[in-house]
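Data first, discussion second: the structure below is written as structure tokens.
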Amino acid sequence: MPARPGDVLTLEVNILDMRVSKSRPNLGLIEVNYEMTNQNADLSLKAISTIMFAKRDAFK
């Protein structure tokens, strides 16, 4: 259902997976799931994306 003016939208974001890139080990990959609903709990958006980021050492 498309979002309409006046709708109250709620976005839920969940991390599905986190891993180090096999081809570029200095980069990390996060797979993220997005679901947006309106005030009636009707689904307005569902998407999955993969985000690439520079990796750093773990906190010690």
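With our numbering as the guide, the letters of the sequence shown map in order to residues 12 to 71. Don't be surprised by glycine CBs; every beta carbon is placed ideally from N, CA and C. Please read these numbers as outputs of a predicted model, since none were measured by experiment.
Residue i to residue j span [Cα, whole Å]
i: Ala52; j: Ala58; result: 16 Å
i: Gly17; j: Tyr45; result: 21 Å
i: Val43; j: Arg15; result: 25 Å
i: Ser32; j: Arg67; result: 13 Å
Nearest-angstrom beta carbon gap, residue j and residue i [assumed within contact, 8 Å]
i: Leu40; j: Arg30; result: 5 Å
Whether residue i touches residue j by CB criterion (7 Å)
i: Tyr49; j: Leu20; result: In the sequence on display, residue 49 carries Asn and not Tyr. Yes, the Cβ-Cβ distance between Asn49 and Leu20 is below 7 Å.
Closest by C-alpha distance to residue i, when choosing among the options
i: Ser74; options: Lys66, Ile26, Leu54, Pro13; result: Since the first residue of the chain shown is 12 and the last is 71, residue 74 is not available in this structure.
i: Asp28; options: Arg35, Met12, Met63; result: Met63
i: Met12; options: Arg35, Ser34, Met47, Lys33; result: Met47
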